[in-house]
Amino acid sequence: MKAIAFNEFGGPEVLKIVDIPAPEPGEGEVRVAVRAAGINPADWKIRSGALSFGTPSFPQYPGVEVAGVVDAVGSGVSDVAAGDEVFGWAQGGYAEFAICTAVARKPAGLAWVDAVALPVAVSTADTVLRELELRPGETLLVNGAAGAVGSMAVQLAVAAGVTVIGTASQANQDAVRSLGATPTTYGAGVADRVRAVAPNGIDAVFDAAGHGVLPAAIELRGGTDRIVTIADPAAAEFNVRFTSAGSQRPVELAERVAEGIVSGEFRLPGAARTFPLEQAAAAQQESEAGRGRGKVVVTID
Ligand SMILES: NC(=O)c1ccc[n+]([C@@H]2O[C@H](COP(=O)([O-])OP(=O)(O)OC[C@H]3O[C@@H](n4cnc5c(N)ncnc54)[C@H](OP(=O)(O)O)[C@@H]3O)[C@@H](O)[C@H]2O)c1
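The working numbering numbers the first residue of the sequence shown as 1 and each following residue consecutively.
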């Protein structure tokens, strides 16, 4: 099968298309014929060497979320079968076939490129919102509210009865409002702008973008309690909790959100930006540029 691999850390040019045997699903795993693979910022951070987990070994095969058709299942898997349309958490997702450790059922009315925007966004947003222990009527600040994770966090919090203030660029203010949050812009002076729209204060902060918002978050909270970042490497310096969504696989929630996108209850922040598998390097560059809305996706015919 065709897959994207890299044998050294570096720029997008280290990504190569290779021909390798399709992986075999182990116990509890599902092999998916990939139709769409999501690009996540972690993919290019790992590729560059900026983000590492232990001693690296090569080749590495990027891609942690896919949507596609179940092709084979490992022992112990009884909830899905070959031919089912699914999306889920994967290894080596930029490939014709990928192993998923957990899959959710894709509604017939949801496009592959939209389904693949959900696994990491849902699991990360859900993990952090649980950690923040939000109650209905409380006010949450989401930094990076137009992003893949941020926009999901906004909608899950709003659905739970939480009032949300969301930061975004000027171009994305209306998009954030349409998700149910009160928008404001990020950058210098953000604490004052947030206070202006949340006169009763901020009960919790979800930093879904990084970019140095933690001092403002601490100022707004009057301390580091109930602030979580998923993106700021300076978290420890500020004594703020850094959360990695890690192994959470909220399959039922992902299925509910997928159905909600079809019904109009939930929405994606923008149309997917798609690239063929052969252009995975350009897809990562698009994600890294951080412009525009909508999931960056590699598609496979
Ligand atoms: N720890 C974990 O488990 C975990 C899991 C998933 C993601 N992450 C990290 O979370 C971050 C977001 O991921 P994503 O997939 O949601 O990325 P994404 O879809 O590319 O969204 C990034 C968002 O950052 C916003 N942004 C850009 N500059 C900003 C600034 N100066 N201040 C505030 N926001 C700014 C952008 O808003 P505009 O478009 O409006 O400019 C954009 O919506 C990445 O750093 C990623 O590595 C961590």
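Think of the CB as a built atom: it goes at the ideal place given N, C-alpha and C, for glycine as much as any other residue. Only a predicted model underlies this, so the values are computations on that prediction, with no experimental measurement involved.
Give me the Cα-Cα distance between residue i and residue j, rounded to the nearest whole angstrom.
i: TYR186; j: VAL103; result: 35 Å
i: ALA283; j: PRO12; result: 9 Å
i: GLN170; j: ASP207; result: 18 Å
i: ILE4; j: ALA36; result: 13 Å
i: ALA235; j: ALA82; result: 43 Å
i: SER244; j: ARG226; result: 16 Å
i: VAL18; j: PHE58; result: 13 Å
i: ARG303; j: THR167; result: Because the chain here runs from 1 to 301, residue 303 falls outside it and cannot be looked at.
i: GLY180; j: VAL158; result: 7 Å
i: GLU365; j: VAL296; result: Any question about residue 365 goes unanswered here, given that the chain covers just 1 to 301.
i: GLU8; j: VAL162; result: 44 Å
i: ARG291; j: ALA175; result: 14 Å
i: GLY189; j: HIS211; result: 14 Å
Cβ of residue i versus every heavy atom of ligand 1: is any distance shorter than 8 Å?
i: ALA230; result: It should be pointed out that residue 230 corresponds to Ile in this sequence rather than to Ala. Checking the Cβ of ILE230 against ligand 1 gives yes.
i: PHE266; result: no
i: ALA42; result: yes
i: VAL30; result: no
i: GLY83; result: no
i: LYS295; result: yes
i: THR303; result: Absent from the structure is residue 303, since the part of the chain shown begins at 1 and ends at 301.
i: ALA148; result: yes
i: LYS16; result: no
Using a Cβ-Cβ cut-off of 8 Å (strictly less than) and excluding sequence neighbours within five positions of residue i, which residues of its own chain qualify?
i: VAL64; result: GLY38, ASN40, ALA42, ASP43, TRP89, ALA90, GLN91, GLY93, PRO119 and VAL120
i: ALA98; result: PRO23, ARG31, VAL32, VAL34, ALA37, GLY63, VAL66, GLY68, ALA90, GLN91 and GLY92
i: LEU134; result: LEU140, ALA157, ALA160, VAL162, ASP203 and ALA204
With DSSP collapsed to three states, give me the class of residue i.
i: PHE9; result: coil
i: VAL34; result: strand
i: GLY46; result: What sits at residue 46 in the sequence shown is Ile, not Gly. If DSSP states are grouped into helix, strand and coil, ILE46 belongs with the helices.
i: ILE20; result: coil
i: ASN200; result: coil
i: PRO215; result: helix
i: LEU110; result: coil
i: VAL143; result: At residue 143 the sequence reads Asn, which differs from the Val that was named. Residue state, collapsed to three classes: strand.
i: THR124; result: helix
i: ALA283; result: helix
Counting only the same chain and skipping the five closest in sequence on each side, list residues whose C-beta sits under 6 Å from that of residue i.
i: VAL298; result: ALA37, TYR94, PHE275, LEU277, ALA280 and ALA283
i: GLY270; result: ARG293 and GLY294
i: THR182; result: ILE165 and VAL197
i: ASP203; result: GLU138 and THR139
i: VAL14; result: PHE6 and GLU8
Near residue i, what residues of its chain come up, given a Cβ to Cβ distance below 7 Å and the 5 sequence neighbours on each side ignored?
i: VAL122; result: MET152, PRO250, LEU253, ALA254 and VAL257
i: ASP114; result: ILE261, LEU268 and ALA272
i: ALA125; result: VAL149, MET152, ALA153 and LEU156
With a threshold of 8 Å (Cβ to nearest heavy atom), would residue i be considered close to ligand 2?
i: PRO56; result: In terms of ligand content, the structure shown lacks ligand 2 and carries ligand 1 instead.
Complete alpha helix (DSSP H) runs within the region 66 to 91 (minimum length 4 residues, chain order)
none
Entirely within the region 217 to 265 and at least 4 residues each: give me those alpha helix (DSSP H) ranges in chain order.
251 to 263
Only counting runs of 3 or more residues, tell me where the beta strand (DSSP E) segments fall wholly within the region 151 to 195, in order along the chain.
163 to 168 and 182 to 185
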